[in-house]
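**Student:** Shown below is the structure under consideration.
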Amino acid sequence: MSTFKLLRGRSSYKLDALQNQVTELFRARETTTENPELLSEVQNLKETVGEHSKQQEQSAENLSQIEAENLILQDENQDLHTTGNKQCQF
1 MSTFKLLRGR SSYKLDALQN QVTELFRARE TTTENPELLS EVQNLKETVG
51 EHSKQQEQSA ENLSQIEAEN LILQDENQDL HTTGNKQCQF
């Protein structure tokens, strides 16, 4: 499996986890209005979601950088391949 696909899979997994945490946060918020003792748990979930959001952003930036580097390497590889083919023809 390519690095790109692996990172995309990890990002997708993290995004799903983040969405699940947001859902849990909303559920906890609803419950908190009924049970104020859960306020600290809601706060912890908010902090966790915030941390995961930052990690998701960083992963997206890393993925973009790797994709750009991959394109450059593909272009260089194609150039080397083309040059090699031309040399073999002569």
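Here the sequence shown stands for residues 1 to 90, numbered as in the numbering used here. Beta carbons: idealized from backbone N, C-alpha and C, even for Gly. These numbers were taken from a predicted model, which means no experiment stands behind them.
#1: Going straight from the alpha carbon of GLN43 to that of GLU76, what length do you get?
#2: Under a three-way DSSP split, which group does SER2 fall into?
#3: Taking only the alpha-carbon atoms, compute the straight-line gap between LEU93 and GLN21 and give it to the nearest angstrom.
#4: If SER11 sits next to LEU63, beta carbons under 8 Å apart, how far is it from one beta carbon to the other, in whole angstroms?
#5: Please classify ASN20: does DSSP put it in a helix, a strand, or coil?
#6: So what does DSSP say about ASN85, is it helix, strand or coil?
#7: Note down the Cα distance separating GLN56 from LYS5, rounded to an integer number of angstroms.
**Tutor:** Considering the structure as presented:
#1: Approximately 50 Å, taken between the alpha carbons.
#2: Reduced to three states, the DSSP call for SER2 is coil.
#3: In the structure as shown, the chain begins at 1 and stops at 90. Residue 93 is therefore absent and cannot be evaluated.
#4: The C-beta distance from SER11 to LEU63 rounds to 6 Å, short enough to meet the 8 Å contact threshold.
#5: ASN20 falls in the helix class under three-state DSSP.
#6: helix
#7: GLN56 and LYS5: Cα-Cα distance of roughly 16 Å.
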